[in-house]
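Residue numbers (our numbering), protein chains in the order written: chain A, 28 to 244; chain B, 28 to 244. These notes concern the structure reproduced below.
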DNA sequence: CCATTTCTGTGTCGTTCGATACAGAAAGAG
DNA sequence: CTCTTTCTGTATCGAACGACACAGAAATGG
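Rendered as structure tokens:
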């Protein structure tokens, strides 16, 4: 279908096409789809619900996103682009591993309870997604890979801390990283069940007490 | 439909009826349904998948369980009856609050990675259930209530410990209980993503280090 | 102006969904 | 045996599902 002859636009970067222009805001529609998938999950969200929330007809949806799976994949990417920095922004630049982990957990507590839109669901879309268990292997790999990236980021930061002497060489870095990710994921579960920001922050502080006890803060 | 005239059987306790006997094992069929709901969730599991796994026709399913929601509710009850004791059994009789919490987390790590059947899903069915977000409010209340019971059990045990002097009177019991439940829920997320029993136990031990640091173990 | 390209709205495709009607089979009650 | 009751298997219901055909509308290129 596409790429017949030399493509005038090598990618999607210049959206200035030739035919009738799109009548809806692609990003705004994607945001609405993201909210629906986020709240109800993949299987429980129907195309008619999506088109109603996005304010478009189903042919426009399929022309713009390809399929329901494609729309979910884009909604997931949209979610990560929009929220990942709020959780990992201070982690990256923190001077010590301990400060990085504390920033991660505290920023997670803040981001999970921050209301950016009135109909935003509670809990992280990546952490709570069950799309992999619903039979859609490819989408499941997307969310699992996103979750694995978090673990890797923490483990790499701890390895650096071990090399720099902040952590003892005998520290069990994978176990520490998994502990941090366990608490971070648990915060999403607590948020889904109605926990408030101070409650989440108290959990994060208790988790840091565990860090100090084991690592020696 | 039912209860026309004085019921000869006041409940479902005597299954000895009058007509043609049921040709399938109700509990075995319920176990199969539980596995499917557990693995794929409510919305992504269809009646035809259920009847195929249970080895019965759809009229038998509806006669025995009423509806898809009713079947899920019974599967959830079946799950709790079968697995709750493995997680909370040692918690109840532990001599101290610390021992109770440690038993809870260590037994959770063990139960989550114990393979009782070859096709058992990974992670706790209650913790990972998203049925409440899929639009089924009543079932959502069931799983949320089950999760809340865990928090209450820990909080009550900690209150007793405070009354007995094990915990200082200034201890923030709800925060401690929420911390424990956060880690416990996080263990289910880790299990779903492939963590092993030793890995979960290492997380549990790190969480107990946090307990000791804050409570003074 | 016209040709080409792309998007929109209506309508609908075939499938699958959850849920039953119905007739026959298998048990107890008399 | 006959009557009643309950379960089983076939066959199917209306509704909703994901996805698309088609014609018309709205833009650019010449």
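All C-beta atoms in this analysis are idealised placements derived from N, C-alpha and C, irrespective of residue type, glycine included.
Return the chain-ordered list of same chain residues with a C-beta closer than 8 Å to the C-beta of residue i, the five sequence neighbours on each side being excluded.
i	result
residue 34 of chain B	With a pLDDT of 36 at residue 34 of chain B, under the threshold of 50, the predicted position of this residue should be treated as unreliable, though the coordinate-derived value follows. Excluding residues within five positions, none has a Cβ falling inside 8 Å.
residue 226 of chain B	217
residue 155 of chain A	215, 216, 219
residue 160 of chain B	167
residue 62 of chain A	80, 144, 146, 147, 148
residue 107 of chain A	153, 173
residue 19 of chain A	Nothing can be reported for residue 19 of chain A: it is not among the residues displayed for chain A, which extend from 28 to 244.
Provide the residue span of the alpha helix (DSSP H) that contains residue i, from first to last.
i	result
residue 123 of chain B	Taken as a continuous stretch (DSSP letters only), residue 123 of chain B belongs to no alpha helix (DSSP H), as it is neither H nor E.
residue 54 of chain B	53 to 67
residue 215 of chain B	200 to 219
residue 72 of chain A	Per DSSP, residue 72 of chain A belongs to no alpha helix (DSSP H) and is neither H nor E.
residue 153 of chain B	152 to 155
residue 193 of chain A	Counting along the chain, residue 193 of chain A falls outside any alpha helix (DSSP H), and DSSP gives it neither H nor E.
residue 240 of chain A	Segment: none, residue 240 of chain A is in no alpha helix (DSSP H) and carries neither H nor E.
residue 85 of chain B	85 to 92
Among residues of its own chain, excluding the 5 on either side of residue i, which ones have a beta-carbon nearer than 6 Å to its beta-carbon?
i	result
residue 165 of chain A	none
residue 98 of chain A	60, 92
residue 193 of chain A	123, 124
residue 29 of chain A	Reliability of the predicted coordinates at residue 29 of chain A is poor, the pLDDT of 35 falling under 50, and the value obtained from them is presented with this limitation in mind. Nothing meets the Cβ criterion.
Suppose contacts are defined by Cβ-Cβ distances below 9 Å. Is residue i in contact with residue j by that definition?
i	j	result
residue 70 of chain A	residue 101 of chain A	no
residue 56 of chain A	residue 237 of chain B	no
residue 124 of chain A	residue 187 of chain A	yes
residue 210 of chain B	residue 242 of chain A	no
residue 231 of chain A	residue 76 of chain A	no
residue 173 of chain B	residue 153 of chain B	yes
residue 103 of chain A	residue 169 of chain A	yes
residue 83 of chain B	residue 51 of chain B	yes
residue 222 of chain A	residue 205 of chain B	yes
residue 213 of chain A	residue 68 of chain B	no
Which same chain residues end up closer than 7 Å to residue i when comparing Cβ atoms and leaving out the 5 residues on each side of it in sequence?
i	result
residue 228 of chain A	133, 136
residue 196 of chain A	189
residue 85 of chain B	74, 78
residue 36 of chain B	Since pLDDT at residue 36 of chain B reaches only 36, below the 50 mark, its modelled position is unreliable, and the value read off the structure follows with that caveat. Cβ within range, chain order: n/a, list empty.
Give me the residue from the options with the minimum Cα distance to residue i.
i	options	result
residue 113 of chain B	B:140, B:123, B:90, B:88	B:140
residue 185 of chain B	B:169, B:171, B:202	B:202
residue 109 of chain B	B:138, B:92, B:88	B:138
residue 182 of chain A	A:162, A:83, A:208, A:191	A:208
residue 66 of chain B	B:163, B:150, B:223	B:150
residue 239 of chain B	B:198, B:221, B:224, B:213	B:198
residue 72 of chain B	B:86, B:111, B:85, B:95	B:95
residue 58 of chain B	B:105, B:126, B:115, B:49	B:105
residue 179 of chain B	B:118, B:162, B:193	B:118
residue 191 of chain B	B:224, B:131, B:163, B:122	B:122
residue 25 of chain A	B:126, B:64, B:115	Examination of residue 25 of chain A is not possible in this model, given that chain A is present from 28 through 244 alone.
residue 111 of chain A	A:126, A:131, A:127	A:131
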